[in-house]
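In order, the protein sequences belong to chains C and F. In this text, residue positions in the first sequence follow our numbering: the first is 7, and each later residue adds one. In this text, residue positions in the second sequence follow our numbering: the first is 3, and each later residue adds one. Note sheet for the following structure.
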Amino acid sequence: MTQMPPLVALVGNPNAGKSALFNALTGARQKIANYPGVTVERKSGRAAFADGCPVEMIDLPGAYSLDPDSLDEAVTRDVVLGKLEGHRRPDALVIVLDAGNLDNHLRFALELIAQGLPTVVALNMIDLAERDGLRLDVQILARALGVPVIETVAVRRRGLEPLMTALDEALTNANPVTEPVAASFGAQNQLARDIARSAIISETAGRQWTRRLDAVLLHPVGGVVILLALLFLMFQAVYAGSEAPIGWIESGFALLSDGIKHVLPHGLLRSFLTDGVIAGVGSVIVFLPQILILFLFILVLEASGYMTRAAFVMDRLMAAVGLSGHSFIPLLSSFACAIPGIMATRTIMDQKERLATILIAPLMTCSARLPVYTVIIGAFIPASSVRPGIGLQGLVLFGLYIAGVLGAMLAAAVIQRFVTQSRASSFLIEMPRYQWPRPGDIAINLWQRAWVFLRRAGTIIFAATIILWALLSFPKAPEGSNVSQVEYSVAGRIADGLEPIVRPIGFNHDIALALIPAMAAREVAVSALATVYAIDAADDDAAATSLGPKLAADWSLATALAFLAWFVFAPQCISTIAVTRRETNGWKWPIFMVSYLFALAYVAAGITYWTARSFGL
Amino acid sequence: MQLDHLPLNQIAVIRAIDWESLPDQEGHRLRSLGFEPGVTIEALHKGILMWRDPLAVRVGRMTVALRSNVAAAIDCTLAA
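Put into structure tokens, the structure is as follows:
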């Protein structure tokens, strides 16, 4: 053996329990990176054989064949064939098979075994198969496939030791029997079904939980009601459950900032650390509680098997604008933050639909808009009731969410028709059996997604914040001048240039100035306005409380409404633009996205402003 | 009978699939999901409200969701 531990790839159909097996084998010590040259996540981890020798494991994206349909599947093929540049070919494969689904999964297994790498088959979820009344003969299966077959139940850690032993042996006597793979898909399928049939000892009608649950969850009317109720519950939890932790994070950063102010004298370094680094990075981390709660929901729905049902229920509505049920999950994530939403589009098979979904994701009202909406609504919309129990302020907020969704649907229809020129979307997806999510797997996943978000958003926003801080801090206003530092800075001068452009949609100079730092993240608009109005507030909340009356005195209602309309559409988030560039491999699409969204924002704000003016507001 | 017209909860067998009428990608995915002549199939659920689209079907031991325009390319015979 060389110094490098052998590399073993877990490969199999989606929904075969591959990731659960990977988690069970490697524990929580996993590394997430990207495969070289592509934006597909590579999960790797260490396991050990009985003699203590380490082995490196990777969890390949789920695939149905070595003839790829999606970016994920292409990576699986390239790694297995050793064709992915900059990535070594695995020394052995663990094929993960769903024991309850042999007829459909064996064909891919045959294709993989024929690659000639040392191979072990993990016959996974054997307990679920037995629950469904299926009894299998492992020996027959092993003989037919020509490789060792080990029964496993990843979620209960059953069969892990025998699997590692078989893998060790396969690697030591690397002399696998390979049979030529049948030429056509059809012949492979036939062979797969014959093997499956011969391995089944007996089959009784099982309890068919999945079918009974589906009768309720996919019900033509009931299914819609249940999905809407789940979504409502989710948004409730996201906003109600995150209030306290967001407060803690804000106070934590305020303490840190105060601490630095005590230690460091007035000056550039102090301003850089408190106004630049802490304020900027803090403004992203503050979203972590909302994102974690949203992800928790999404992960549980995914692990239980419900997510594909939600896609099923939503498919017809999405089809109306040229998308499909596949786009539903990424767009749902975008309500917390467009960044994880855009990253979740990788599972969409149709590349045109994937692109359209990325381009409209920023229109879903993300949590960064809330502080802006809250301040303006609080200052301008009276806290009266339209009907008992329905407040006007809440209604306006709801209207802004709806405006975003409608804007997205309209944009999707136009983009699919004229930009990607997609002829028709498609929806074709396996619906896995329902199962209880395992808390350990959810925890590992949640931790990984949080980390990926913090790392990506953190690094980008860190850089953006520094640039904006510099724009706002230089050149220094002369001592004793009555021009404020903000007005005197580069940003202030850019605002002077921007003002004539935004004047027709009702924006004043102060708004033009606030829009510049808000490019880093939308909620920065609030603190920027606070700065402009020379309010010395400790944090966003305090700024908002004292900012409201000032704005109400200074802005007309028409201007305030136009400002809200602007934020429904404007792509004011550098992190989103950067992620779009990564995911579309170039500047073309992020530039398109930014242009069309700014145009929409401008038009929407203009229409709002002049309509309001014509009503004398 | 075409799959999109198959009555719910009745076991049938795929007789033929009109691959020509399907876009390449969908035909390919259909094949990898195990749709082949001779395979047992059963329509389980239909989509929401008045659309009744997409369909959920059992093919082999797997449940697959597909739209009725794709299902129309799949010709089935009810098992006696």
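Glycine included, every Cβ here is placed at the ideal spot set by N, Cα and C.
Hey, out of Gly258(C), Met349(C), Leu112(C) and Asp57(C), whose CA is closest to Thr586(C)'s CA? Counted from its first residue, the first sequence places residue 586(C) at position 580. Checked all of Gly258(C), Met349(C), Leu112(C) and Asp57(C); the closest Cα to Thr586(C) is Met349(C).
In chain F, what lies closer than 8 angstroms to Thr82(C) by C-beta? Locating residue 82(C) in the first sequence gives position 76, counting from the first residue. By Cβ distance, chain F contributes nothing, its closest Cβ being about 12 angstroms from Thr82(C), past 8 angstroms.
Does the beta carbon of Ala14(F) come closer than 8 angstroms to any beta carbon on chain C? Taking the second sequence and counting its residues from 1, the one referred to as residue 14(F) is at position 12. It does not: the Cβ of Ala14(F) has no partner Cβ on chain C nearer than 8 angstroms.
Anticipated Cβ contact below 8 angstroms, Glu209(C) with Gly106(C), distance rounded: Working through the first sequence from its first residue, we reach residue 209(C) at position 203. Working through the first sequence from its first residue, we reach residue 106(C) at position 100. Not quite, the Cβ-Cβ distance comes to about 11 angstroms (not below 8 angstroms), so this is no contact.
The stretch 429-442 of chain C: which residues have C-beta closer than 7 angstroms to a C-beta of chain F, in chain order? Ser432, Phe433, Leu434, Ile435, Glu436 and Met437
Members of the stretch 17-29 of chain C near chain F, C-beta cut-off 8 angstroms: none
Whole angstroms are fine: how far does the CA of Leu519(C) sit from the CA of Gly498(C)? The sequence position of residue 498(C) within the first sequence is 492, counting from 1. The sequence position of residue 519(C) within the first sequence is 513, counting from 1. Distance between the alpha carbons of Gly498(C) and Leu519(C) is about 6 angstroms.
According to the Cβ coordinates, are Ala67(F) and Leu5(F) closer than 8 angstroms? Reading the second sequence from its first residue, position 65 is the one you call residue 67(F). Reading the second sequence from its first residue, position 3 is the one you call residue 5(F). Result no, Cβ atoms of Ala67(F) and Leu5(F) do not sit closer than 8 angstroms.
Min CB distance Arg322(C) to chain F below 8 angstroms: Position 316 of the first sequence, counted from the first residue, corresponds to residue 322(C). Chain F, which has a Cβ nearer than 8 angstroms to the Cβ of Arg322(C), makes this yes.
Where Gln27(F) falls: helix, strand or coil (DSSP): On the second sequence, residue 27(F) is found 25 positions in, with the first residue counted as 1. Reduced to three states, the DSSP call for Gln27(F) is helix.
Start and end residues, beta strand (DSSP E) containing Arg52(C): Numbered from its first residue, the first sequence carries residue 52(C) at position 46. Glu47 to Ala54 is the extent of the beta strand (DSSP E) around Arg52(C).
Which residues of the stretch 194-211 of chain C have a Cβ closer than 7 angstroms to any Cβ of chain F? Give them in chain order. Asn195
Got a sec? Which residues, its chain only, sit under 8 angstroms from Ala39(C) by beta carbon, not counting five neighbours each side? For the purposes of this step, residue 39(C) is taken as residue 33 along the first sequence, with counting starting at 1. Counting only Cβ-Cβ distances below 8 angstroms, and skipping sequence neighbours, we find Glu47, Arg48 and Ser50.
Mind checking if Met7(C) is an interface residue toward chain F, Cβ cutoff 8 angstroms exclusive? On the first sequence, position 1 is the one that residue 7(C) refers to. With a pLDDT of 46 at Met7(C), under the threshold of 50, the modelled position of that residue is not reliable, and the figure given next carries that caveat. No - not a single Cβ of chain F is within 8 angstroms of the one on Met7(C).
Residue-chain proximity (Ala67(F), chain C), Cβ-Cβ < 8 angstroms: What you label residue 67(F) is simply residue 65 of the second sequence in a count that begins at 1. True, the Cβ-Cβ gap to chain C drops below 8 angstroms.
Check whether the Cβ atoms of Leu224(C) and Phe318(C) lie closer than 8 angstroms to each other. Taking the first residue of the first sequence as position 1, residue 224(C) is located at position 218. Taking the first residue of the first sequence as position 1, residue 318(C) is located at position 312. Their beta carbons are under 8 angstroms apart, which means Leu224(C) touches Phe318(C) by this criterion.
Distance, Cα to Cα, Arg218(C) vs Leu80(F)? Here residue 218(C) refers to the residue found at position 212 when the first sequence is read from its first residue. Here residue 80(F) refers to the residue found at position 78 when the second sequence is read from its first residue. Taking the straight line from one Cα to the other gives about 23 angstroms.
Would you call Ile580(C) buried or exposed, if buried means 16 or more other Cβ atoms sit within 10 Å of its Cβ? What you label residue 580(C) is simply residue 574 of the first sequence in a count that begins at 1. Buried, by the Cβ-count rule.
Closest Cα partner of Ile119(C) within the set Gln357(C), Leu16(C) and Arg203(C): If you number the first sequence from 1, residue 119(C) lands on position 113. Minimum Cα distance to Ile119(C) is reached at Leu16(C).
List the endpoints of the continuous alpha helix (DSSP H) containing Pro336(C). Residue numbering aside, residue 336(C) sits at position 330 when the first sequence is read from its first letter. Pro336(C) -> alpha helix (DSSP H) spans Phe334 to Ser339.
Listed by chain order, chain F residues near Tyr70(C) by CB distance under 7 angstroms: For the purposes of this step, residue 70(C) is taken as residue 64 along the first sequence, with counting starting at 1. Residues of chain F passing the Cβ test: Ser34 and Leu35.
To the nearest angstrom, how far is the alpha carbon of Phe604(C) from that of His47(F)? Within the first sequence, residue 604(C) is the residue found at index 598, counting from 1. Within the second sequence, residue 47(F) is the residue found at index 45, counting from 1. The straight-line gap from Cα to Cα measures roughly 43 angstroms.
Assign Arg352(C) to one of three DSSP states: helix, strand, or coil. Within the first sequence, the letter at position 346 stands for residue 352(C). Reduced to three states, the DSSP call for Arg352(C) is helix.
Tell me whether the beta-carbon of Arg352(C) lies closer than 8 angstroms to the beta-carbon of Asp78(C). Taking the first residue of the first sequence as 1, we reach residue 352(C) at position 346. Taking the first residue of the first sequence as 1, we reach residue 78(C) at position 72. Against a cut-off of 8 angstroms, the Cβ pair of Asp78(C) and Arg352(C) comes out as a contact.
Output, in chain order, the set of chain F residues within a Cβ distance shorter than 8 angstroms of Pro226(C). Mapped onto the first sequence, residue 226(C) falls at position 220. Within chain F, the residues near Pro226(C) are Lys48, Gly49, Ile50, Leu51 and Arg54.
Is Cys59(C) buried or exposed, if buried means 16 or more other CB atoms sit within 10 Å of its CB? Counting from 1 along the first sequence, the entry for residue 59(C) is found at position 53. Exposed, since its Cβ has fewer than 16 Cβ neighbours within 10 Å.
Rounded to whole angstroms, what's the CA-CA distance from Arg199(C) to Phe424(C)? Just pull it up for me. As a position in the first sequence, residue 199(C) is number 193, starting the count at 1. As a position in the first sequence, residue 424(C) is number 418, starting the count at 1. Going by the C-alpha atoms only, they are around 44 angstroms apart.
With DSSP as the reference, label Lys358(C) as helix, strand or coil. Locating residue 358(C) in the first sequence gives position 352, counting from the first residue. In the structure shown, Lys358(C) sits in a helix (DSSP, three-state: H, G or I).
The alpha helix (DSSP H) enclosing Arg203(C), as first and last residue numbers: Position 197 of the first sequence holds residue 203(C). Looking at the DSSP string, the run of the alpha helix (DSSP H) that includes Arg203(C) is Phe191 to Ala205.
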